[in-house]
Amino acid sequence: MESIDWKSLGFGYSKTDYNVRSWFRNGAWGELEVSDSEMLNIHMAATSLHYGQEAFEGLKAFRGKDGKIRVFRMIENAKRMRHSARGIMMAEVPDSLFTEAVKKAVLLNERFVPPYESGASLYIRPLLIGTGAQIGVKPADEYLFMIFVMPVGPYFKEGFKPTDLVIYREYDRAAPLGTGTFKVGGNYAASLVSGHKAHENGFSAVLYLDAKEKKYLDECGPANFFGIKQNKYVTPKSTSILPSITNMSLRQLAKDMGMEVEERPIPAEELAEFDEIGACGTAAVISPIKRVFDADLNKEYIYGNEPGKISVKLYEKLRGIQYGTEEDIHGWTDIIE
Ligand SMILES: *Cc1c(COP(=O)(O)O)cnc(C)c1O
16 MESIDWKSLG
26 FGYSKTDYNV
36 RSWFRNGAWG
46 ELEVSDSEML
56 NIHMAATSLH
66 YGQEAFEGLK
76 AFRGKDGKIR
86 VFRMIENAKR
96 MRHSARGIMM
106 AEVPDSLFTE
116 AVKKAVLLNE
126 RFVPPYESGA
136 SLYIRPLLIG
146 TGAQIGVKPA
156 DEYLFMIFVM
166 PVGPYFKEGF
176 KPTDLVIYRE
186 YDRAAPLGTG
196 TFKVGGNYAA
206 SLVSGHKAHE
216 NGFSAVLYLD
226 AKEKKYLDEC
236 GPANFFGIKQ
246 NKYVTPKSTS
256 ILPSITNMSL
266 RQLAKDMGME
276 VEERPIPAEE
286 LAEFDEIGAC
296 GTAAVISPIK
306 RVFDADLNKE
316 YIYGNEPGKI
326 SVKLYEKLRG
336 IQYGTEEDIH
346 GWTDIIE
């Protein structure tokens, strides 16, 4: 067996030993199957290929200081995948099948779970796609649910480093009453052009405004937004953002730390009032932001080159729970054995 250089891992695809799969046919989910193939053999008229019947999830497993493998809040990912499935009329994966599949995929690939000291983790990618053939626009009658995994490096290789965001009003990620709350590929397709432009111009991501009024903050491409103002954790309330499990966890940790939590529409100009802001999601937990550039108004909001105190505190607490060095008082982790 080849050895893995945990230090050189980034966030990219790499092959592991096995993936797990279950097919929905004739109205029922089949037994979980184990595969060592990276390929899918599906019908050319599958609805996932033509009409976007596709949803995914992302979560991680961590090797703790105690050597145990912990998965973070997988039941929340299971629920969210059912929410996405309902949103685009796909068969829902029962929570029990979802959690069994996560456990199996992790255990079968245990040798790819990075050691504690590396700061790396095992990324888990559940996928649900319409596989039934359909040429008229309607939901498929067959689906594939699968999970594959891969080791990924720590998001912050050179330390917890703030980056820049940009606001472009000529792009939307999701419509106000569209698919923004579902974790579906279509939202990502819609964000590729603007994301590419942001990267070309030196920004880490686009900070989207609400599509209807272009007045309120929505989220940052693949991550939610939060701001810290005195003793308050403030995060957008919107019908077009993805309910981030990291954000949900940070709201709880902020409350535990005695902070007030507000979920409400945040006008873009309020960016001037925050002491710290960040993007949050599974990949980085918190990605601190040092500057937001509003490209249309040629206006900038500056937060300093070092991550804010509260962001660091929240980040360390959450990472500690994931790696088993902080007490998991809310029961967020499952030990996989
Ligand atoms: C997955 C995702 C997030 C982050 O959610 P987590 O559950 O915290 O990983 C944020 N925004 C979008 C659009 C996403 O797809």
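Residue numbers for the sequence shown follow the numbering used here, so the first one is 16 and each next one is one higher.
Where is the CB? At the ideal position from N, CA and C, for every residue including glycine.
Below 8 Å on the Cβ atoms is my guess for residue i versus residue j; work out the distance and round it to an integer in Å.
i	j	result
residue 213	residue 204	No, residue 213 and residue 204 are not in contact; Cβ-Cβ is about 16 Å, not under 8 Å.
residue 261	residue 165	Going by Cβ atoms, the distance from residue 261 to residue 165 rounds to 19 Å, so no, they are not a contact pair.
residue 50	residue 40	In fact, because the Cβ distance is near 17 Å, the residues do not count as touching under 8 Å.
residue 326	residue 273	Contact flag wrong, Cβ pair sits at about 16 Å.
residue 232	residue 269	Residue 232 to residue 269, Cβ: 18 Å. No contact.
residue 21	residue 135	5 Å
residue 354	residue 158	Summary: the structure shown does not reach residue 354, with the chain confined to residues 16 through 352, and so no result is reported for it.
residue 197	residue 102	4 Å
residue 302	residue 178	6 Å
residue 218	residue 257	20 Å between Cβ atoms; not a contact.
residue 44	residue 112	6 Å
residue 99	residue 199	6 Å
residue 318	residue 336	Not a contact, Cβ separation roughly 26 Å.
residue 311	residue 182	7 Å
residue 339	residue 80	6 Å
residue 280	residue 253	7 Å
residue 61	residue 151	Their Cβ separation, rounded to whole angstroms, is 14 Å, which puts residue 61 and residue 151 out of contact at 8 Å.
residue 170	residue 298	6 Å
residue 291	residue 323	3 Å
residue 155	residue 187	Actually they do not touch by this definition, with Cβ atoms about 27 Å apart.
For a test of the three-state rule: what should DSSP assign to residue i, helix, strand or coil?
i	result
residue 179	strand
residue 100	helix
residue 286	helix
residue 63	helix
residue 33	coil
residue 349	strand
residue 78	strand
residue 339	coil
residue 227	coil
residue 22	helix
residue 312	coil
residue 85	strand
residue 306	strand
residue 344	coil
residue 204	helix
residue 90	helix
residue 188	coil
residue 222	strand
residue 325	helix
Mind checking which residues open and close the beta strand (DSSP E) that includes residue i?
i	result
residue 293	291-296
residue 234	232-235
residue 197	Neither: residue 197 is in no beta strand (DSSP E) and is coded neither H nor E.
residue 50	48-50
residue 207	Run containing residue 207: none in the beta strand (DSSP E); it sits in the alpha helix (DSSP H), 207-215.
residue 70	69-71
residue 251	247-251
residue 240	239-244
For chain C, check one thing: does any of its Cβ atoms lie closer than 8 Å to the Cβ of residue i?
i	result
residue 299	Of the protein chains in the structure, only one exists, and it is not chain C.
Subject >> Complete runs of the beta strand (DSSP E) confined to the region 254-279 [at least 3 residues] >> reply: Within the region 254-279, complete beta strand (DSSP E) segments of at least 3 residues are found at 275-279, given in chain order.
Subject >> 3 or more residues per run - each beta strand (DSSP E) lying fully within the region 100-186 >> reply: 136-145, 158-167, 178-182, all fully within the region 100-186.
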